[in-house]
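Undergrad: Please see the structure below; I have some questions.
In this note's numbering, the protein residues as written are 635 to 1013.
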């Protein structure tokens, strides 16, 4: 066989390989695109095991918010989408994993989160990043485990993350994910609805970020025609410039104003992905750098500082400036090294008295977030 014929056969074989590779990639992209869908707005949520007790004005209650981080974020964990910069060297750092490190580690974290919840024994609990069936959490059903551990609570679940089988990142493919926000209540939930936050228009970003939403719960108040409106939320994180979060805040403000105008008591809580402690400082820069760290302030939070004056009239922020609620996950956790700030907390209407708001100092043992507990009364 002469060199010319060998060259021709090689070229044909190479063209077939390239064509087959392109066909496989194109087919996979089509599969992912077909599997993606946006959950519609204002979907009624099923209330499971709803209780008969009703809340009363003048009584003190507690609500906990806790981002469970799909059970992955033990102190040794870092997340592949998180980036940061070390203050001393200017070195850029990026997280490693997409899934939990292994099933045993996720198991430990979920058990620890449930233990923290049971120890706090709040009247209400707002949980975010709760997996129902996901490869990233080794198919541990966090939703059912929280619910089964809390038979004295009614529950709702709003889906906010659903993916095809994602083969990215290549070193630790995310796989299939079904996850959401879980709300638990010792008191009667009359009805509940899932509201869809505005999202980025970038299709690729949509595949790896959540189908962001908030869950609105209407609870009857004893001897009153008013309702206690409890809102569990999780706003966008990977949002350069904070433009999407601004749209999400605008939507949330409309809902807050509408409910308060009816005379209802309103509490919104969860993971805001905004610095929530700026009201307590003379400048945003001071609030952003309040907690000790050996990292620079991340870009994502620089443009996402929330003040009470940005809220609907009659609402204020309740957040703890003494203990941070979230750590940077671009590197494993080391106290005083990772960037930390308070991005988890609550917004309350003027007819709700905030008795106290405290972060539970878990040292990020089971999540990249600490739980936060608000004690409040209806006035």
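We treat Cβ as the ideally placed atom computed from N, Cα and C, and that holds for glycine. Keep in mind the model is a prediction, meaning the values are calculated, not measured.
1) Tell me where the beta strand (DSSP E) around residue 879 begins and ends.
2) Can you tell me which of 767, 873, 697 and 1000 puts its alpha carbon nearest to the alpha carbon of residue 833?
3) CA-CA distance, residue 578 and residue 933?
4) Identify the residues that DSSP records as bridge partners of residue 713: which are they?
5) Kindly indicate which three-state DSSP category residue 747 falls into: helix, strand or coil?
6) Where does the unbroken alpha helix (DSSP H) through residue 906 begin, and where does it stop?
7) Taking residue 976 as the reference, which of 754, 697, 993 and 861 has the closest Cα?
8) Exposed or buried, which one is residue 954 when buried takes at least 16 other CB atoms within 10 Å?
9) How long is the line joining the alpha carbons of residue 870 and residue 646, rounded to whole angstroms?
10) Under 8 Å, with one C-beta from each stretch per pair, do the stretch 906-923 and the stretch 853-860 reach the 3-pair mark?
11) In whole angstroms, what separates the C-alpha of residue 924 from that of residue 735?
12) Tell me whether residue 813 is buried or exposed, calling it buried when 16 or more other Cβ atoms sit within 10 Å of its Cβ.
13) Determine the DSSP secondary structure at residue 682, reduced to helix, strand or coil.
14) Could you tell me whether the stretch 738-745 touches the stretch 766-776, where touching means 3 or more Cβ pairs closer than 8 Å?
15) Considering only their Cβ atoms, is the gap separating residue 811 from residue 849 smaller than 8 Å?
16) If we count the other Cβ atoms within 10 Å of its Cβ and call it buried at 16 or more, is residue 680 buried or exposed?
17) What is the DSSP secondary structure of residue 765, counted as helix, strand or coil?
18) So what does residue 752 bridge to, in DSSP terms?
TA: According to the data block:
1) Note, residue 879: premise wrong, no beta strand (DSSP E); alpha helix (DSSP H) at 877-895.
2) 873
3) Here the chain comprises residues numbered 635 to 1013, so residue 578 is not present and cannot be evaluated.
4) 731
5) helix
6) No alpha helix (DSSP H) holds residue 906; DSSP gives it neither H nor E.
7) 993
8) buried
9) 48 Å
10) no
11) 31 Å
12) buried
13) strand
14) yes
15) no
16) exposed
17) strand
18) According to DSSP, which records beta bridges pairwise, residue 752 is partnered with nothing at all.
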